[in-house]
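Residue numbers (this note's numbering): 1139 to 1268. For each residue, glycine too, the CB sits at the ideal point set by N, CA and C. These notes concern the structure reproduced below.
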Amino acid sequence: MVEEAQFTLQVKTSKPSDQTPVKPLPEDRRVQPRFTTQFRSTFSGQKQEGQGRTLDISIGGCKIESDMKVEQGAKFECRLHIPGLDWPLRIDEATVRWVDGNSFGIAFSRISPEELAKLKTILSELEQDE
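Written out as structure tokens, the structure is:
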């Protein structure tokens, strides 16, 4: 004997103002614009030093490609060798936020007001070039 089941489907509708906002996906968390670059970069910390290429940059951090293996959470000083500057842009402290193969993302944890002003000028120029 086959038993028969009955289901009741209720559809609730709500006005858009009643809806809970959807949180953005992790890749959408960035609030600052990023600009594609090809700057040489060097970095050094207590345990290691290395070099790489800065692939993109924003006011709050950048993406670096390097053969040097780094760990998430590592902190180091970073210098970005930007064409047109007499000296590399110096980030006093950068923190590794993520690692993916030979690429990693850093957040600028500490930067002097002078270097921050230079960074803002560089980003403004990159924005005009787009």
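query, result
"Residue closest to Ile-1229, alpha-carbon to alpha-carbon, out of Cys-1216, Gly-1239 and Val-1237", "Cys-1216"
"Minimum C-alpha distance to Val-1234 - residue among Lys-1185, Ser-1247 and Asp-1224", "Ser-1247"
"Gln-1170 in three-state terms, based on DSSP", "coil"
"For Ser-1250, three-class secondary structure by DSSP", "coil"
"Endpoints, beta strand (DSSP E) assigned at Gln-1189", "1187–1195"
"Three-way DSSP call (helix, strand, coil) for Ser-1262 in this model", "helix"
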